[in-house]
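Be aware that the sequence shown starts at 3, since it is given in this note's numbering, and climbs by one per residue.
The structure appears below as structure tokens.
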Amino acid sequence: MKPVTIVGSVNIDLVCYLDRWPEIGETIPVRETATALGGKGANQAVAAKKLGADVTLVAAIGQDAFGQSAAADLKGLGVTCRLAQLADHQTGLAFIDVGPDGNNLIRLSAGANAALRPADAEQHADLLQNSSVVLLQNEIALETSLAAARLARQGDALVIMDPAPAPAAAWGPDVLAAFDILTPNASEAGSLLGRTLSTLEDALAAADTLAGRGLKGAVVTMGGHGVAWSFGNERGMRTAPKVAAIDTVAAGDCFNGALAAELARGSHFEEAIAFAMRAAALATTRKGASSSLPDLKELETFSAVETA
């Protein structure tokens, strides 16, 4: 199996768990705090690795204690890294508040992630061209993702773009056509299409629209409601596994990493979506970002219980 390559962000997550959301101007105590490896690129890389893929992450960190911590964590988790270590940028930081319902608010300081440039992707052209799947996100510069996608397509890699955080402006057909599969959540799909998505039927219509704009396919995730997809002549909806979610911070990253891993194994598109949905659901039952991501054995056990 050819590797999964991820070009994306590395952050350190600074997390506060809240018993309730504060009012504007109010100071409240937090129930618990945590510091952990994060960033969409890192989370997706760890998710794919733990689910059996051969993974390489291309990213940028600062020459600071946070960067050293992130690099050590990624190495310890078995992710092969090609990290640009930048003296003039700090490592990316994410300030995350998790409410009592498990939902979250995230504020980002991009740091070194914003300095990952097209030239960095070009340095790894051989890797990108010889990958089975290249996974991208919107926590790095769009031009860097476009450069990585172009290089990947010079080989036979499948290029997946997770447009998170949501683009500030809608992407035109020239941008969308650079990717094979788009995987927005409801909010991101709404930003791209200028509409509100409330139901799985809305998500399916959005997937159809996006897939018709130069993509091979689109998957629109609706959190605990489920997923809708449109891929060639195949389209459908699937409700999410029922779990007691306590932290949704890395659910989307887990979904994308799992989807990439399963597609790299050669699974059919709908099978890969079902696999990714189970992985993401299991991740929401645990605290943290990278620490919540299940391995293959845990997912197999969860799947057996779910279908029993």
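Virtual Cβ for every residue (Gly too), placed ideally from N, Cα, C.
Extent of the continuous beta strand (DSSP E) run through residue i
i    : result
N106 : N106 to S111
G254 : Run containing G254: none in the beta strand (DSSP E); it sits in the alpha helix (DSSP H), A253 to A266.
I98  : G94 to V100
V17  : N13 to Y19
F233 : G228 to F233
Alpha-carbon to alpha-carbon, residue j and residue i
i    : j    : result
A171 : D164 : 15 Å
A36  : S189 : 27 Å
A310 : T303 : Low local confidence applies: a pLDDT of 49 at A310 is under 50, so the model's placement there is unreliable, with the coordinate-based value given in what follows. Between A310 and T303, the C-alpha separation is close to 11 Å.
S305 : R280 : 7 Å
V245 : G104 : 12 Å
G234 : L217 : 9 Å
D249 : I98  : 11 Å
L45  : A72  : Before going further, note that residue 45 is Asn rather than Leu in the sequence given. Taking the straight line from one Cα to the other gives about 11 Å.
A247 : L130 : 35 Å
L107 : V81  : 27 Å
R22  : L298 : 34 Å
A159 : L194 : 24 Å
Q270 : S232 : The displayed chain sequence assigns His, not Gln, to residue 270. Approximately 13 Å between the Cα atoms of the pair.
L148 : L76  : 25 Å
Buried versus exposed, by CB contacts within 10 Å (16 or more), residue i
i    : result
V9   : buried
G290 : buried
A283 : buried
T7   : buried
I30  : exposed
K42  : buried
A179 : exposed
Boundaries (first-last residue) of the alpha helix (DSSP H) holding residue i
i    : result
V177 : P175 to L178
T211 : L202 to A213
Nearest neighbour of residue i, chosen from the options [CA to CA]
i    : options                   : result
V60  : P102, T146 and V100       : T146
L153 : A247, A121 and D66        : A121
A209 : D90, H126 and A230        : A230
F68  : A114, E25 and I26         : A114
A274 : K299, V221 and S294       : V221
I14  : G40, D21 and R33          : G40
D56  : T287, A262, A278 and E300 : A262
V251 : L265, A260, F233 and T287 : T287
T185 : I63, D21 and A278         : A278
N258 : Q70, R22, K51 and E25     : K51
L88  : G78, D75, L118 and L107   : L118
L212 : Q131, R240 and D176       : D176
L295 : S11, I26, V12 and L53     : L53
C256 : G225, M3 and G238         : G225
E272 : A253, T58, M239 and D66   : M239
Q65  : D128, G94 and G78         : G94
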